[in-house]
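Structure record follows, encoded as structure tokens.
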Amino acid sequence: MQKSNQTEAHAPVIWLNTLVFGITFLIAVIGVPLYGLTHGFSGGLWLAFVLTIGFAGISITAGYHRLWSHKTYQANPVLRFLFAIGGALALQNSILHWSSDHREHHKHVDHDDHDPYSASRGFWYSHIGWMLREYQQHRYTNYDNVKDLQQDPIVMWQHRNYLTLTLLTNFGWPILLGVLMGDILGAMLLIGFLRLVVNHHTTFFINSLAHMWGRQPYTDRNSARDNGWLAFLTFGEGYHNYHHIFSADYRNGIRWWQFDPTKWLIKGCSWFGLTWGLKKCSEYQVEKARLDMQFQRLQVAASSKPQHTMEKLHEEYEQLLLKLKEYYLARKKLLDTRAKALRDQMHLPTLEQLQQQVRDLKHAFKAQRRDFRELLESYQRTLTS
Ligand SMILES: [Zn+2]
Ligand SMILES: [Zn+2]
0 MQKSNQTEAH APVIWLNTLV FGITFLIAVI GVPLYGLTHG FSGGLWLAFV LTIGFAGISI
60 TAGYHRLWSH KTYQANPVLR FLFAIGGALA LQNSILHWSS DHREHHKHVD HDDHDPYSAS
120 RGFWYSHIGW MLREYQQHRY TNYDNVKDLQ QDPIVMWQHR NYLTLTLLTN FGWPILLGVL
180 MGDILGAMLL IGFLRLVVNH HTTFFINSLA HMWGRQPYTD RNSARDNGWL AFLTFGEGYH
240 NYHHIFSADY RNGIRWWQFD PTKWLIKGCS WFGLTWGLKK CSEYQVEKAR LDMQFQRLQV
300 AASSKPQHTM EKLHEEYEQL LLKLKEYYLA RKKLLDTRAK ALRDQMHLPT LEQLQQQVRD
360 LKHAFKAQRR DFRELLESYQ RTLTS
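Under numbering that gives the first Met the number 0, think of the first position of the sequence shown as 0, with each following residue one higher.
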């Protein structure tokens with residue numbers, strides 16, 4: 000990494016970005032409280048502030064990220080147009096550029112030179128530093144990894160008109176609200192500046208904090224973490240450990256209780272035909288990744304202990320994987336048969352048998368998993384004692 004540190008010191012400052020980030024931040028932390036104390040902001044402005052944060056934020060997470068960068072679902076042109084406008088409002092570069100960077104991030108995650116916002120280079124670099132100097136000048140006009148997106152007329156229209164759209168949305172929208180609510184300066188400060196700074200830094204947390212703070216239940220091959228607090232701030236993107244291993248999935252928070260409004264929006268839109276082709280990773284793969292991680296952690300902890308201490312656990316683990324596979328195979332068969340029965344409008348007597356078989360296998364798998372977890376805990380106790 001010697002080479003990158005040397006070039007880094009000489010990378011020219013990108014003054015436009017530095018000034019935009021610096022000035023908007025200063026106005027947000029100084030101008031907004033001053034105006035709030037001397038004039039106050041109306042309830043209407045605060046409501047518009049929250050809604051505008053939501054619109055811009057979710058355009059990035061549902062649009063830039065899960066739709067265009069990862070193609071986890073497809074969307075109607077009206078929705079794509081709205082995301083393109085919201086993305087310009089969020090001021091995070093064009094869809095084409097953002098997705099190109101993001102695909103590099105996934106491909107080379109944590110690599111000091113090839114991951115555009117590598118978390119291995121520290122908090123500051125991955126959060127905002129990577130945008131303040133020309134570290135990757137050679138990449139700025141290379142869009143080879145987003146050739147598919149170049150077929151989307153909305154993506155290319157936004158890319159060509161990006162500057163106009165950002166000016167229109169970031170100045171036009173607050174000014175319009177200000178005229179309607181009779182407080183142009185207040186609207187500019189709250190919905191223009193503070194809103195932009197909040198949108199910026201919450202998105203940037205995904206590149207910085209979501210690679211540093213949280214749990215790694217699915218993989219430790221990269222630095223990405225699952226963190227419910229960050230999910231709350233980032234419209235569900237905080238389940239970043241899951242996302243890095245299963246990036247083709249339109250969900251990031253896969254449990255019903257996990258906060259993922261981006262997923263809810265995509266799913267909700269599918270009921271009205273606005274989105275379709277929602278991709279999900281197989282539950283078998285997800286469960287297997289989780290069990291593999293638990294087992295691997297214990298193996299590392301036990302590596303200093305005599306061989307025989309792990310044998311029982313190994314056997315139990317093999318059994319568990321077998322039961323997991325049996326259960327998901329039977330479930331798939333049931334789903335396929337049910338779909339066939341629906342399609343052909345006929346009643347299949349085997350359907351009930353299959354349902355019973357799936358229930359039995361599910362119980363067997365859960366019982367085995369309970370045993371395995373108990374065994375894991377008892378091993379952990381012996382290892383730490
Ligand atoms: Zn991603
Ligand atoms: Zn990441």
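Note that beta-carbon positions come from the ideal geometry of N, C-alpha and C, so glycine has one too.
Proximal residues to residue i (C-beta, below 7 Å), its chain only, five neighbours per side dropped
i       : result
Val-197 : Ile-52
Glu-286 : Leu-323
Pro-76  : Ile-153
Cys-268 : Leu-78, Thr-274
Asp-109 : Ser-117, Ala-118, Ser-119, Asn-221, Ser-222
Alpha-carbon to alpha-carbon, residue j and residue i
i       : j       : result
His-104 : Gln-157 : 22 Å
Trp-270 : Asn-240 : 28 Å
Leu-195 : Phe-170 : 11 Å
Lys-332 : Ile-26  : 59 Å
Trp-255 : Trp-263 : 10 Å
Val-145 : Gly-42  : 42 Å
Asp-394 : Arg-296 : It is not possible to answer for residue 394, since the shown part of the chain is limited to 0 through 384.
Ser-377 : Phe-54  : 48 Å
Thr-168 : Lys-70  : 26 Å
Leu-166 : Phe-364 : 56 Å
Asp-219 : Met-292 : 8 Å
Ile-205 : Leu-229 : 8 Å
Gln-1   : Arg-250 : Model confidence at Gln-1 stands at a pLDDT of 36, short of 50, so the residue's coordinates are unreliable; what they give is reported in the following sentence. Spanning the two alpha carbons is a distance of roughly 38 Å.
Tyr-316 : Arg-380 : 18 Å
Gln-135 : His-9   : 12 Å
Asp-343 : Asn-92  : 49 Å
Ile-265 : Phe-80  : 15 Å
For residue i: DSSP bridge partner residues
i       : result
Gln-73  : Trp-275
Arg-132 : Val-12
Tyr-238 : Asp-225
Arg-214 : Asp-225
Residue i beta carbon near ligand 1 (any heavy atom closer than 7 Å)
i       : result
His-242 : yes
His-96  : no
Ser-269 : no
Ser-68  : yes
Ser-99  : no
His-423 : Outside the displayed range of the chain (0 to 384) lies residue 423, so it cannot be described from this structure.
His-110 : no
Ser-246 : yes
Minimum Cβ-Cβ distance from residue i to chain D less than 8 Å
i       : result
Asp-225 : In the displayed structure, chain D is absent; only one protein chain is listed.
Contacting residues, own chain, Cβ-Cβ under 6 Å from residue i (five flanking each side not counted)
i       : result
His-385 : Lying before the first or after the last residue shown, residue 385 is absent from the chain, which here runs from 0 to 384.
His-126 : Phe-203, Ser-207
Tyr-327 : Tyr-283
Pro-173 : Ala-186, Met-187, Ile-190, Gly-191
Cys-280 : Phe-245, Asp-248
Leu-360 : Glu-325, Tyr-326, Ala-329
Phe-82  : Ser-58, Gly-62
His-388 : Nothing can be reported for residue 388: it is not among the residues displayed for the chain, which extend from 0 to 384.
His-101 : Ser-68
Ser-3   : Residue placement at Ser-3 is flagged as unreliable, the pLDDT there being 46, under the threshold of 50; the coordinate-derived value follows with that caveat. The residues are Asp-111, Asp-112.
Within 8 Å, strictly: CB atoms of residue i and residue j
i       : j       : result
Arg-337 : Val-357 : no
Tyr-238 : Gln-257 : yes
Leu-374 : Leu-312 : yes
Trp-129 : Tyr-116 : yes
Ser-222 : Ser-68  : no
Tyr-217 : Ile-183 : no
Gly-276 : Gln-150 : no
Tyr-63  : Ile-94  : yes
Ile-84  : Leu-164 : yes
Phe-371 : Leu-319 : yes
Thr-233 : Thr-60  : yes
Ile-253 : Arg-132 : no
Leu-382 : Ala-300 : yes
Arg-65  : Thr-201 : no
Asp-225 : Gly-213 : yes
Leu-193 : Val-31  : yes
Tyr-161 : Ala-47  : no
Ligand 2 heavy atom lying under 7 Å from the CB of residue i
i       : result
Asn-206 : yes
His-158 : no
Ala-338 : no
Ala-223 : yes
His-239 : yes
His-210 : yes
Val-154 : no
Sequence-distant residues of the same chain with beta carbon closer than 8 Å to residue i, five excluded per side
i       : result
Gln-298 : Met-309
Ser-99  : Arg-138, Asn-141, Tyr-142, Asn-144, Val-145
Leu-44  : Leu-176, Met-180, Asp-182, Gly-185, Ala-186, Leu-189, Ile-190
Proximity test, residue i beta-carbon vs ligand 4 heavy atom, cut-off 7 Å
i      : result
His-64 : Here the bound small molecules are ligand 1 and ligand 2; ligand 4 is not part of this structure.
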